[in-house]
Amino acid sequence: MGVPELLTSLRELYPPKRLLTTPAQLTPFESDALTAFRARPEAVVLAETQQEVIDTVRLCHREGVPFVARGSGTSLSGGSLPVEGGIVIALNRLNRVLRLDPEQRIAVVEPGVINDHVTRAAAPHGLYYAPDPSSQSVCTIGGNLAFNSGGAHCLKHGMTSNHVLGIRAVLPDGEVVELGGESTEPVGPDWTGMFCGSEGLFGIALEITLRLVPVAESTHTVLAAYDSLQAAGDAVAQVVASGLLPVAMEIMDALAIEAAEASVKPNYPKGVPVLLIVELEGEREVVDADAARLRAVIEASGATDVTITEKAEERALIWKGRKSAFSAVGWLAPDFLVQDGVVPRSRLGEALGEIDRMSTEAGVRVANVFHAGDGNLHPLILFDGRESDALHHAEELAGDILRLCVRLGGSITGEHGVGVEKRSYLPIMFTEDDMALMRRLRSAVDPRELANRGKMLEPTHTPDPHIDAEDDGPGTSPRAVPSAGAPT
Amino acid sequence: MSLAAGRVEALQDVVRQGPRVLPHGAGTKPALCTPPDDVVALDVSGLSDILEYDPAELTFTALAGTPVAEVTEALAEHGQYLPFDPPLSRAGATLGGVVAAGTSGPNAFRHGGVRDFIIEVRFIDGTGRLVTGGGKVVKNAAGFDLPKLMIGSLGRLGVLVQLSFKVFPRPEATTTLRVDLGSTEAALTTMAALGRGPLDLDALDLEPPGRLILRLGGAKETLPARAARLESLLDAPAEHLDDEADAQEWRQAAELSWAPSGSTLVKVGLTARRIPALEAALAQGGARARYSLAGNLGWLAWPGDRDLAELDGALRALEIAGVVLTGTPGHVLIGRKDGGAFATRVRAALDPQARFLEV
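The structure is reproduced here in structure tokens:
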């Protein structure tokens, strides 16, 4: 029982081209977008059918070998980090949109379908898939589901789990289950909701029924400049208080603006300290009426410069700048860590002030680009991994920021998930009884911790993935992030 | 120790001591909360209070026994509302009851159901421990999504103690159009077309055979033009309901007061495509129905004197899942079942000593 027996069986299941075992083949799978963590799997299988995934999971269960499901590897929390002594089940080739039903507004897809491709398939029917992580041009629905991914437009549309109606999944022992269905209205316990965001600990989603929404008839995007983060944060609070319901509200600080300008040239106003993006969408008459109210709120909020657009190409450029901000900070520093904490919206100003203070005190630069509308911060902690202790200092600051978020009544992660990176911080949000229940749930579904071991919860089975500081330096280099787009 | 804390501890003791318990709030859905003989009724209605509400935050936290109507009133004072339109709130439904039954009303069409607005849950698990899942912020991906698991948990996965929700600004005004399209087929065609935009409807209901009831909400000055535009998309002249008539229409829909007295109310989750076959089955049983959320949600009024097993069989054949809300206790979930081994294992973790009833 073990890896050699598993490999023998996998050779019967997969042709050589789809069973990777040599070091050169395995290296690309050693980490995901959180490149500070690395682990080499024993093998990678490139599954092409649901049945292959089921068979592989059953073999892993028989041989007691842990497995990690992987889509495009864009996780920023180390969600698809391999387990040493385990295998990776790559799902990119399960990339079929199985059914698109415009009448019922649903799409049934395989887990390796790229987020953007769902929208591409739905577009001819005037529909789209709403959750939009910044990595949407490369990240897969399976990964989105496992980590309950968000995006800039969560403010109105919610996260991935709000758009997943049904799941066919293989549990960690190979049993196949059906959760939910095609209706937006669940009956009985919401098993689908429970499976979403479980970070792969409950098994692998094989077939996913997604809700599609109509493309809005009208969109109105406002770009407002402010002198300080505090002023922009206050403007967000005023928009919320006005009774408007924007689809997105995003803030970028000077460093993030500088990075975006240096990379994708979104043509933001020059030399401004802080930018706020507010977007309205919906029916023409409603957007027109709301736009007038929004203009009044923004004008009264002390904005120093206001740009308004309803043109698709200008809007696309604004969002390109915003969504490329993570990879763009590569222009500012060789390495960065990104945090994803959430604070109550009314405490945004306080949180940003405190992060600024901590950053100055630690002598570590922090760029801020975040989902202000829902209090979801994304401090980008800049450092140079070639300097001794730089990673360590960055990690300390990251930890302090997470503790700050929890102290203010928030969460350690809004949309990136706990993964390997933040699992030691989960207990600061939850009591020992809460943690014990989560471990009991995991254990009831997967007693041997075969599925994505070490993510969200500390593994009780070793070995543990380690931070790879010796081999190639503590690289969280943005250059190593898949070039097609930085995750949210 | 506060009164609520004392009450929670007392509830924990009952769960710990056993034998089996079934929680209830105001009892508006008796089929779900009437315990069999050997099961202890656990009254949660004393746990009633809005603990935190900061209008600027658009979130609130309340004890599970808090009546929905009380929350609605507190939110309305600040121009906010529960966008999932909890049913039976005039009858006294509590927040915990709405979550446990997993019920959303017709106006949930605009922004989503109760599952889309719950953000945090505190409950007593089957070991008697008080546990929390989620958080008091509108976006959160930390830990398993226990708040969603509690949607539709029917008091059988935990005793709900405290809940947090996000809320939205309430539409300044609303207006309703009622149109009779003659047949279910014609109504379904129009319903599907309207569901794909461009108008953002607050509610999209079907009253069989062929009547659609449509609601628009938003800034008052936009409503006349939008209502005219909506009417231009319909194949028949519509009746316009404003002010009290508009309110009345949706009150009776959310209170399910159209259902004949003595009938058994069943909620089903489906898609519009199944409606014709379901209607045929209901006609055989002499039952009535109304559909909300563009046909994703059905409310069935099954004659009280007919065996529910008949409906169970019909729903199974159509692969539709249903939950029985009123009538003689005994049947809970009918029709299609989901969850399989996943459900069994999650239940075992939450309730290892079988203190709660089976789902």
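Keeping their order, the protein sequence lines are chains A and B. For the first sequence, my numbering assigns the number 2 to the initial residue and increments by one for each residue that follows. For the second sequence, my numbering assigns the number 21 to the initial residue and increments by one for each residue that follows. Glycine is no exception: its CB is placed at the ideal position from the N, C-alpha and C atoms.
DSSP state of residue i mapped onto helix, strand, coil
i, result
"residue 413(A)", "coil"
"residue 148(A)", "helix"
"residue 164(B)", "coil"
"residue 117(A)", "helix"
"residue 312(B)", "strand"
"residue 192(A)", "helix"
"residue 96(A)", "coil"
"residue 219(A)", "strand"
"residue 71(A)", "strand"
"residue 142(B)", "strand"
"residue 33(B)", "helix"
"residue 377(A)", "strand"
"residue 269(A)", "coil"
"residue 350(B)", "coil"
"residue 134(A)", "coil"
"residue 270(B)", "helix"
"residue 250(A)", "strand"
"residue 242(A)", "helix"
"residue 362(B)", "helix"
"residue 28(B)", "helix"
"residue 278(B)", "coil"
"residue 366(A)", "coil"
"residue 169(A)", "strand"
Chain B residues whose Cβ lies nearer than 7 Å to that of residue i
i, result
"residue 35(A)", "Within 7 Å Cβ-Cβ: nothing; residue 35(A) doesn't reach chain B, min ~15 Å."
"residue 1(A)", "Any question about residue 1(A) goes unanswered here, given that chain A covers just 2 to 489."
"residue 147(A)", "Here the premise fails: no neighbours, minimum Cβ distance about 10 Å."
"residue 105(A)", "291, 292, 293"
"residue 377(A)", "159"
"residue 445(A)", "365, 366, 368, 369"
Close beta carbons around residue i, own chain, < 6 Å, minus the five adjacent residues each side
i, result
"residue 75(B)", "98"
"residue 263(A)", "332"
"residue 306(A)", "226, 270"
"residue 172(B)", "122"
"residue 100(A)", "109"
"residue 405(A)", "355"
"residue 255(A)", "274"
"residue 482(A)", "In this prediction, residue 482(A) scores a pLDDT of 30, lower than 50, which makes its location untrustworthy; no coordinate-derived value is stated."
Beta-carbon neighbours of residue i, restricted to chain A and to distances below 8 Å
i, result
"residue 342(B)", "188"
"residue 171(B)", "187, 190, 191, 194"
"residue 165(B)", "149, 162, 194, 195, 197, 198, 199"
"residue 188(B)", "246"
"residue 97(B)", "Those do not exist, as residue 97(B) stays about 13 Å from chain A at its closest Cβ, beyond 8 Å."
"residue 124(B)", "186"
Contacts that residue i makes with chain A (C-beta to C-beta distance below 7 Å)
i, result
"residue 136(B)", "159, 163"
Own chain residues within Cβ distance below 7 Å of residue i, not counting five before or after
i, result
"residue 292(B)", "208, 211, 212, 314, 315"
"residue 119(B)", "134, 138, 170, 171, 180, 183"
"residue 183(A)", "105, 107, 166, 167, 210"
"residue 460(A)", "450, 454"
"residue 103(A)", "126, 128"
"residue 428(A)", "436"
Integer Cβ distance of residue i from residue j, believed to fall under 8 Å
i, j, result
"residue 421(A)", "residue 79(A)", "4 Å"
"residue 125(B)", "residue 46(B)", "Incorrect: roughly 16 Å between the Cβ atoms, too far for contact."
"residue 176(A)", "residue 369(B)", "The pair is not a contact, with the Cβ atoms about 16 Å apart (cut-off 8 Å)."
"residue 236(B)", "residue 214(B)", "In fact, because the Cβ distance is near 11 Å, the residues do not count as touching under 8 Å."
"residue 68(B)", "residue 88(B)", "That pair is no contact at about 11 Å."
"residue 345(A)", "residue 403(A)", "Residue 345(A) to residue 403(A), Cβ: 15 Å. No contact."
"residue 366(B)", "residue 188(A)", "Wrong, their Cβ atoms sit about 16 Å apart, outside the cutoff."
"residue 206(A)", "residue 132(A)", "About 15 Å separates the two Cβ atoms, so there is no contact after all."
Contact list for residue i against chain B, beta-carbon separation under 9 Å
i, result
"residue 431(A)", "151, 152, 153, 162, 163"
Within chain B, partners of residue i - CB distance below 8 Å
i, result
"residue 413(A)", "162"
"residue 347(A)", "74, 76, 77"
Residue i: contacting residues in chain A (beta-carbon distance under 9 Å)
i, result
"residue 317(B)", "184, 185, 186"
*Please confirm if the segment 161-172 of chain A is in contact with the segment 243-250 of chain A, defined as three or more CB-CB distances below 8 Å between the two stretches.*
no
_I want to know whether the segment 268-280 of chain B touches the segment 243-254 of chain B - three or more CB-CB distances under 8 Å._
no
*State whether the segment 361-370 of chain A contacts the segment 414-428 of chain A, with contact taken as three or more CB pairs (one from each stretch) at a distance under 8 Å.*
no
_With a threshold of 8 Å, are at least 3 pairs of Cβ atoms found where one atom belongs to the segment 40-59 of chain A and the other to the segment 79-96 of chain A?_
yes
*asked:* For the structure I just gave you, are there three or more beta carbon pairs, one from the segment 432-451 of chain A and one from the segment 374-393 of chain A, closer than 8 Å?
replied: no
*Could you tell me whether the segment 144-153 of chain A touches the segment 325-340 of chain B, where touching means 3 or more Cβ pairs closer than 8 Å?*
no
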